[in-house]
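Have a look at the structure below before the remarks.
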Amino acid sequence: MTHTRRNTIRRRLAYTACIALCGFGIATTASSAAIPLEASLKQLLLERAYDRSVETQVKHKPWAWADMTTVGKISHPRLKQSAIILSAGSYEAMRAGPTLMGGSAKIGEAGTSVIAAHRDTHFAFLKDVRVGDTIRASGEDGKARAYRVTHMEVVEADEFTIPEDLPENALALSTCYPFGSVRGGTKRYVVHAIADKG
Amino acid sequence: MSSSLSISTPKAAATRCFLPAASMLLALPAGVALLVGTATPAFSKDAAATSEKKGPQSGTLVMRTKGGEKLPPAIQLGTDMDVTVSGNIARVRVTQVFRNRSQDWVEGTYLYPLSEGAAVDSLKMTVGNRVIIGKIKKREEAREIYETAKAQGKKAGLVEQQRPNMFTNSVANIGPGETVMVVIEYQMPLKQLDGIFSMRLPLVVGPRYVPPHSITDKAALDDAKTVTAAPIASPKDGKINPVSINVDLAPGFKPANIDSAYHKVYIDGKGKRRAISLAKGTVPQDRDFELSWRSASANPVLSLYKEQVQDKHYIMASITPPVQDEKSYIPPREMVFVIDNSGSMSGESMVEAKASLIHALGTLRPRDHFNIIRFDDTMELVFDTSIAATPENIEAAKTFTNALEADGGTEMLPALKAALVDHQVTDRSKVVRQVIFLTDGNISNEDEMLEAIGGDAGNSRVFTVGIGSAPNNYLMNRMATNGRGIYTNIADTKEVTVRMAKLLDMLSRPSVQDLQVSVTGNGFDLTPKRLPDLYAGEPLVLLGVSDSMVGKVTVSGLIGKKRWKQSLDLVDAIASPSVAKLWARRRIDDIEADRILDKIDDKEADKQITQLGLDFHIVTSMTSLVAVDETPSRPKGTPLRVEDLPINLPKGWDFDHLFGGETAQASLANEVTLANRQATKKFKLPQTATNYMGGLLGGLLAFLIGAFGLITLRRRHKITKDI
Chain A
2 MTHTRRNTIR RRLAYTACIA LCGFGIATTA SSAAIPLEAS LKQLLLERAY
52 DRSVETQVKH KPWAWADMTT VGKISHPRLK QSAIILSAGS YEAMRAGPTL
102 MGGSAKIGEA GTSVIAAHRD THFAFLKDVR VGDTIRASGE DGKARAYRVT
152 HMEVVEADEF TIPEDLPENA LALSTCYPFG SVRGGTKRYV VHAIADKG
Chain B
46 MSSSLSISTP KAAATRCFLP AASMLLALPA GVALLVGTAT PAFSKDAAAT
96 SEKKGPQSGT LVMRTKGGEK LPPAIQLGTD MDVTVSGNIA RVRVTQVFRN
146 RSQDWVEGTY LYPLSEGAAV DSLKMTVGNR VIIGKIKKRE EAREIYETAK
196 AQGKKAGLVE QQRPNMFTNS VANIGPGETV MVVIEYQMPL KQLDGIFSMR
246 LPLVVGPRYV PPHSITDKAA LDDAKTVTAA PIASPKDGKI NPVSINVDLA
296 PGFKPANIDS AYHKVYIDGK GKRRAISLAK GTVPQDRDFE LSWRSASANP
346 VLSLYKEQVQ DKHYIMASIT PPVQDEKSYI PPREMVFVID NSGSMSGESM
396 VEAKASLIHA LGTLRPRDHF NIIRFDDTME LVFDTSIAAT PENIEAAKTF
446 TNALEADGGT EMLPALKAAL VDHQVTDRSK VVRQVIFLTD GNISNEDEML
496 EAIGGDAGNS RVFTVGIGSA PNNYLMNRMA TNGRGIYTNI ADTKEVTVRM
546 AKLLDMLSRP SVQDLQVSVT GNGFDLTPKR LPDLYAGEPL VLLGVSDSMV
596 GKVTVSGLIG KKRWKQSLDL VDAIASPSVA KLWARRRIDD IEADRILDKI
646 DDKEADKQIT QLGLDFHIVT SMTSLVAVDE TPSRPKGTPL RVEDLPINLP
696 KGWDFDHLFG GETAQASLAN EVTLANRQAT KKFKLPQTAT NYMGGLLGGL
746 LAFLIGAFGL ITLRRRHKIT KDI
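Taken in sequence, the protein lines are chains A and B.
Residue 2 is where the first sequence starts when you use the working numbering, and the numbers rise one by one after that.
Residue 46 is where the second sequence starts when you use the working numbering, and the numbers rise one by one after that.
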């Protein structure tokens with residue numbers, strides 16, 4: 002009798018554990034699946050906010066609770082990629098789009114604009130970018146400029162340097178490296194592009 | 046032996062197609078094209094192919110056009126120099142008048158040279174009828190005070206040392222049509238040689254060449270930008286920056302043979318005093334001013350000055366050993382000539398350098414050995430090692446020299462290093478090895494040069510001949526001092542024979558051997574600690590500090606085979622208000638020398654120099670003078686125009702050669718490369734991976750495990766029930 006009872010308790014515990022595991026699995030899967038979905042969906046909202054900001058030259062929030070603003074747009078015509086760039090490099094902002102790092106130059110102005118985005122969402126295409134590619138980017142004025150990809154580099158996150166007193170605008174597009182990895186790491190992949198003259 | 050002659054004339058000419066030279070800024074008539082002092086590898090194809098002994102990567106001019114600077118210069122500069130010579134010391138008051146001719150508020154920065162060894166101790170800024178006295182501060186602190194005042198719209202003046210002989214004055218917030226006067230004062234010891242006293246006032250900074258390899262970090266880049274910041278005015282627009290010079294000469298004796306080498310002067314007065322002024326009133330600042338004189342009676346051989354500051358006593362003593370009269374036998378010698386044929390030498394300088402070298406070659410005897418090294422951004426040794434001075438070898442060397450053309454960058458370091466290599470061709474116990482440098486010294490990596498010479502230049506002695514109208518006297522003088530040689534100037538082809546003959550005569554004659562200095566009484570701490578080699582007619586100049594002024598300074602040595610001794614009683618010292626500051630300046634030279642020889646670490650050196658600067662109220666590498674007019678003048682919101690004042694190209698320099706045609710074109714092409722030479726700043730890159738795939742897979746895996754567990758449990762339960 003006691004034996005059967007003990008068995009029943011053990012079985013129930015096992016059941017609960019398995020159900021919990023299933024639940025956790027479903028939740029994790031759902032929230033993970035939501036990331037690329039959110040990344041794409043928020044870009045739609047951002048696109049509208051950016052267009053309106055450019056048009057009216059007044060900052061429009063992409064959604065009511067947003068803590069960031071749109072500062073530009075970047076596109077890669079050959080790979081048919083484009084994304085709205087956000088201010089502030091917060092985790093929240095990064096989920097919505099590439100962000101322009103604080104302390105770097107504004108897009109279109111003299112200096113290097115350092116733009117970071119996730120390797121598995123907005124900047125997944127960086128692995129297919131080649132030297133000589135054209136990248137188009139526009140800043141807060143909405144004016145699109147052409148940039149030429151000059152080189153790529155893999156650097157340690159805390160050993161990256163940009164030139165000071167650059168006479169024209171350059172882009173440094175950064176994402177985590179290696180691309181296939183599912184863990185974070187200290188290496189970064191950076192695509193460098195410089196504004197075309199004239 | 047002549048088989049080792051490796052260079053023929055055509056080749057010497059062929060290597061001349063390197064891009065020129067010197068880092069400088071250029072004010073073109075149409076606007077201002079800025080030329081920045083970083084350079085890039087820029088071999089022309091032919092040159093790279095023909096040059097076997099390539100130097101380091103070639104440097105070239107890089108010109109940068111700054112947008113929005115297509116305006117005529119706003120500031121007009123006028124300078125007045127008022128010099129008082131008392132005994133062996135000159136005190137100079139320089140008044141710089143900044144006149145703003147534009148409608149803008151302007152900040153003007155002026156790059157100017159001072160005599161090396163000058164101790165700047167006073168800054169006064171005059172605005173209207175207000176005089177603001179400058180204070181000595183630590184360099185960064187002074188810069189900060191200045192920048193703050195500038196931002197607040199207040200008038201401010203700042204004197205900074207960029208090199209021991211190169212300074213900048215910045216004046217902020219000069220209103221439209223306004224004039225601001227900046228007065229600085231300094232003192233310097235005079236040069237004395239063979240009874241001739243001379244005072245050299247440099248009036249323009251020769252454009253400096255910045256070797257690409259020296260741009261290692263932001264600080265180096267900033268320094269390179271500063272020393273090359275002044276745009277060069279095109280001679281087509283006429284000379285700018287007029288100066289008037291007045292000298293009150295009171296040498297303490299009746300002067301004779303008063304001579305101004307490069308400027309016509311009026312001389313007035315009688316007895317022991319003279320007033321000297323420029324015959325033309327003003328001249329453009331485009332070359333050194335040199336005034337020399339001697340005593341109407343016997344050459345003064347001794348002088349002693351003193352100053353008491355608080356409880357410390359300072360002395361400056363100058364003792365000239367007698368010159369051995371009889372022309373004794375001159376032992377065989379080995380001479381290595383190093384001649385600069387970089388672009389900055391183009392024009393009269395190259396003519397002077399070649400003539401000087403040809404003259405020197407003519408004095409060699411078959412028992413002497415010699416070699417020639419020429420350098421621009423490449424270098425060549427005419428012979429592999431020093432070679433006997435046979436008529437054929439001399440002839441070949443002359444042919445080589447005559448074919449030299451000035452072009453290319455100024456990579457002096459490899460040439461110096463090559464010259465210092467002693468192949469022991471001659472016997473070191475009998476033959477002194479002498480390296481003779483012929484250059485304008487217009488480079489920015491002085492420290493590297495001095496480092497290469499080190500404490501004693503190894504087995505060699507280094508002599509320098511400063512060529513041209515505005516040589517880098519600091520570098521040339523230091524090289525000679527550290528290399529135990531002497532320094533002379535040649536700025537005119539007419540001087541070549543006299544000055545080269547004099548130099549060659551001096552370095553052929555035995556200097557004072559076994560020089561010793563002793564002090565009795567309360568020991569003076571004397572500098573230089575490492576006594577120099579004295580050449581005939583050269584004085585030993587000692588500076589010292591002590592707690593009391595009693596005792597004797599005795600200098601002794603061996604001249605020829607005779608023992609010589611000279612004593613100075615400190616009681617006889619003449620009071621002078623400059624001695625303490627000159628002592629401090631000399632102390633700083635000693636610290637810098639120790640720094641180069643790694644006898645003192647950077648931090649400690651900087652600390653000591655800062656303290657000396659603050660204690661003696663003098664401008665140093667670590668201390669600057671700053672003056673702020675507390676009354677704000679520039680209205681809020683009005684922009685400030687920033688201007689580097691243009692300077693003249695030194696007289697005799699070939700402007701068209703440096704800035705015209707192909708050179709300028711090639712320079713512009715290198716603009717892009719400049720961007721790669723830029724200093725960089727670190728930038729932390731954020732974590733950029735959502736790892737949603739990881740989440741997705743992990744989640745699915747967890748779900749599957751859970752589901753599998755549930756199925757298994759259910760089945761086991763069912764089986765148990767069935768039983």
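In this text, a Cβ means the ideal position worked out from N, Cα and C, and glycines have one as well.
Enumerate in chain order the residues of its own chain whose CB-to-CB distance from residue i is below 8 Å, with the five nearest sequence positions on each side excluded.
{"i": "residue 298 of chain B", "result": "317, 340, 341, 342 and 345"}
{"i": "residue 717 of chain B", "result": "Residue placement at residue 717 of chain B is flagged as unreliable, the pLDDT there being 38, under the threshold of 50; the coordinate-derived value follows with that caveat. Counting only Cβ-Cβ distances below 8 Å, and skipping sequence neighbours, we find nothing."}
Whole-angstrom Cβ separation of residue i and residue j, contact assumed at under 8 Å?
{"i": "residue 75 of chain A", "j": "residue 88 of chain A", "result": "Incorrect: roughly 14 Å between the Cβ atoms, too far for contact."}
{"i": "residue 37 of chain A", "j": "residue 737 of chain B", "result": "6 Å"}
{"i": "residue 535 of chain B", "j": "residue 544 of chain B", "result": "5 Å"}
What does a CB cutoff of less than 6 Å around residue i pick up in its chain, not counting 5 residues either side in sequence?
{"i": "residue 694 of chain B", "result": "277 and 700"}
{"i": "residue 670 of chain B", "result": "168, 179, 181, 204 and 664"}
{"i": "residue 66 of chain B", "result": "Note that residue 66 of chain B has pLDDT 31, beneath the 50 cutoff, so the model's placement of it is unreliable and the number below is only indicative. Once the five neighbours on either side are set aside, the close Cβ partners of residue 66 of chain B are 387, 388, 389, 453 and 454."}
{"i": "residue 520 of chain B", "result": "486 and 491"}
{"i": "residue 115 of chain A", "result": "102, 105 and 173"}
{"i": "residue 572 of chain B", "result": "588, 631 and 635"}
{"i": "residue 599 of chain B", "result": "563 and 612"}
{"i": "residue 672 of chain B", "result": "168, 170, 177, 179 and 202"}
Report the option in the options whose CA atom is closest to the CA atom of residue i.
{"i": "residue 530 of chain B", "options": "B:645, B:738, B:578 and B:654", "result": "B:578"}
{"i": "residue 257 of chain B", "options": "B:619, B:124, B:744 and B:458", "result": "B:458"}
{"i": "residue 455 of chain B", "options": "B:363, B:385, B:565 and B:631", "result": "B:385"}
{"i": "residue 469 of chain B", "options": "B:437, B:270, B:230 and B:381", "result": "B:381"}
{"i": "residue 151 of chain A", "options": "A:136, A:61, A:93 and A:112", "result": "A:136"}
{"i": "residue 493 of chain B", "options": "B:255, B:140 and B:302", "result": "B:255"}
{"i": "residue 221 of chain B", "options": "B:262, B:614 and B:683", "result": "B:683"}
{"i": "residue 194 of chain A", "options": "A:69, A:187, A:174 and A:186", "result": "A:174"}
{"i": "residue 124 of chain A", "options": "A:179, A:159, A:167 and A:106", "result": "A:179"}
{"i": "residue 139 of chain A", "options": "A:9, A:71, A:11 and A:17", "result": "A:71"}
{"i": "residue 546 of chain B", "options": "B:414, B:498, B:408 and B:674", "result": "B:408"}
{"i": "residue 327 of chain B", "options": "B:592, B:292 and B:125", "result": "B:125"}
{"i": "residue 148 of chain B", "options": "B:679, B:362 and B:731", "result": "B:679"}
{"i": "residue 132 of chain A", "options": "A:79, A:95 and A:108", "result": "A:79"}
{"i": "residue 355 of chain B", "options": "B:505, B:751, B:283 and B:622", "result": "B:622"}
{"i": "residue 659 of chain B", "options": "B:163, B:183, B:121 and B:157", "result": "B:183"}
{"i": "residue 532 of chain B", "options": "B:574, B:272 and B:580", "result": "B:580"}
Which residues mark the beginning and the end of the alpha helix (DSSP H) in which residue i is found?
{"i": "residue 656 of chain B", "result": "647-661"}
{"i": "residue 66 of chain A", "result": "Here residue 66 of chain A belongs to no alpha helix (DSSP H), and DSSP marks it neither H nor E."}
{"i": "residue 399 of chain B", "result": "393-407"}
{"i": "residue 522 of chain B", "result": "518-527"}
{"i": "residue 633 of chain B", "result": "624-641"}
{"i": "residue 550 of chain B", "result": "541-553"}
{"i": "residue 492 of chain B", "result": "491-498"}
{"i": "residue 190 of chain B", "result": "184-196"}
{"i": "residue 459 of chain B", "result": "457-465"}
Considering just the uninterrupted stretch of the beta strand (DSSP E) at residue i, what are its terminal residues?
{"i": "residue 83 of chain A", "result": "82-87"}
{"i": "residue 230 of chain B", "result": "224-234"}
{"i": "residue 426 of chain B", "result": "424-426"}
{"i": "residue 675 of chain B", "result": "668-677"}
Hey, does residue i have any beta-carbon neighbour from chain E nearer than 8 Å?
{"i": "residue 15 of chain A", "result": "Checking the listed chains, one finds no chain E in this structure; the protein chains it contains are A and B."}
Only counting the same chain, and skipping five residues up and downstream in sequence, which positions put a Cβ closer than 7 Å to that of residue i?
{"i": "residue 499 of chain B", "result": "642"}
{"i": "residue 755 of chain B", "result": "none"}
Discussion item. What are the residues in the region 738-755 of chain B lying within 9 Å of chain A by C-beta distance?
Written reply: 738, 739, 740, 741, 742, 743, 744, 745, 746, 747, 748, 749, 750, 751, 752, 753, 754 and 755
Item to complete: Select from the region 115-130 of chain A all residues with a C-beta closer than 8 Å to any C-beta belonging to chain B, and list them in chain order.
Response: 115, 117, 118, 119, 120, 121, 122 and 124
Item to complete: Residues of the region 26-37 of chain A with a CB closer than 9 Å to any CB of chain B: list them in chain order, please.
Response: 26, 27, 28, 29, 30, 31, 32, 33, 34, 35, 36 and 37
Worksheet item: Which of the residues in the region 148-171 of chain A, read from start to end, lie with their CB under 8 Å from any CB of chain B?
Response: 156, 158, 159, 160, 161, 162, 163, 164, 165, 166, 167 and 168
Practice prompt. With 9 Å as the C-beta to C-beta threshold (strictly closer), list the residues of the region 70-96 of chain A near chain B in chain order.
Written response: 90, 92, 95 and 96
Fill in: chain B contacts made by the region 34-62 of chain A, where a contact means CB separation under 9 Å
34, 35, 36, 37 and 40
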